[in-house]
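Some notes on the structure that comes next.
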DNA sequence: TACGGCTTCTTGAAAGTTGAACAAAGCCTC
DNA sequence: GAGGCTTTGTTCAACTTTCAAGAAGCCGTA
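Protein chains in written order, with this note's numbering: chain A, 10 to 179; chain B, 10 to 179.
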């Protein structure tokens, strides 16, 4: 069904050759980088990249703790995924949960001292990996360009707001 | 301990504030986009993004078939992962396997007519999604910049060549 | 030919992710 | 305060990915 996203019978606007090349380069680079960082962290910190990101977020929060939903939102993952992730990090002893005092539905996840140590131990290696793969290879101008491009892309993909596609309803 | 990856006592070079912002923007945009496309394809084509990519590759190969290893290499995934993926696509009827005539260890995966139809049906929606999320939001200059940046990043992450880190050994 | 070493692909188990369904608590209105 | 709607976090089952191990065929060398 060609009808899906362009309300009528409009024919699809394919990518130009240049655009295709750029899109392939994007796919290629982003998957290579994600694989690389995932392995680096699995090896050096014993967890996948996204779990590491959760610890980082917690480490920066006041009192090193956060509501589950808030953490999920910041990390751009579903609550379901976060539940599993925190359960695993709890098993590893790096995070624990506590009841939220102000909302009895809620849970706070907090970083343990042990978790903090893991973070401190693996952060330098991780930063080095990021730097080596990205920032050391780009000119300052390119870093700026990358930031702006990513900002624009994200803008069009605002998370989860179900009316994002329907601005005329606001 | 700061000692990990820099052989000696060199202290880690943290990211500057600007770099951190760019890195966050990168993470943010790339994960949003990947989630978005994954859902789009799961909904409209009944498979995750990467499986769709496999069908695309096959559709462009001569006689719509490819050796497993070659396909895995092009798609930047492990042979193991490809085995599972092709098994699943075979169950869906979109791909089949055949023995490779020239190497009895080998297998060719080929796209069925049914698989080709799925592709034809879902390609326009997918292209539209990519265009809407990326190319429609960037100026032509930015598209060029993105391509170059991604090319540079990928260059430093060459897949799988175990000696890539040891150029002096060549 | 026999041997060791390499490549090709698959398998199974463990780990992680997804989406739907659910219980519990909050919130709003009558 | 009863009813209905929303939010919060978890759970289950189905699916995907990873890693280690292994069967089978290739290839070079003696």
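We treat Cβ as the ideally placed atom computed from N, Cα and C, and that holds for glycine.
- In this structure, residue 119 of chain A and residue 105 of chain A form a Cβ contact; the two beta carbons are roughly 6 Å apart against a cut-off of 8 Å.
- Contact between the region 23 to 42 of chain A and the region 150 to 170 of chain B is established, with three or more Cβ pairs separated by less than 8 Å.
- Nothing from the region 93 to 104 of chain A brings a Cβ to less than 9 Å from some Cβ of chain B.
- Shown here for residue 94 of chain A: same chain residues with a beta carbon closer than 8 Å to its own, the five before and five after excluded, namely 59, 60, 63, 86 in chain order.
- Taking the Cα of residue 45 of chain A as reference, the smallest distance to any Cα among A/163, A/138, A/147 is reached at A/138.
- Interface residue (Cβ-Cβ distance to chain A less than 7 Å): residue 35 of chain B is classified as such.
- Secondary structure of residue 95 of chain A (DSSP, three-state): helix.
- Around the beta carbon of residue 55 of chain A, fewer than 16 other beta carbons lie within 10 angstroms, which makes this residue exposed.
- Annotated as distal: residue 65 of chain A and residue 21 of chain B, with beta-carbon spacing of 7 Å or more.
- Look at the region 62 to 85 of chain A: the residues with a C-beta under 7 Å from a C-beta of chain B are 85.
- According to the DSSP assignment, residue 75 of chain A belongs to the beta strand (DSSP E) that extends over 74 to 76.
- Using a Cβ-Cβ cut-off of 7 Å, residue 39 of chain A is close to 39 of chain B, given in chain order.
- Taking 7 Å as the threshold, the shortest C-beta distance from residue 146 of chain B to chain A falls below it.
- In the three-state DSSP reduction, residue 143 of chain A falls in the coil class, being neither helix nor strand.
- Using a CB distance cut-off of 7 Å, residue 55 of chain B does not count as an interface residue toward chain A.
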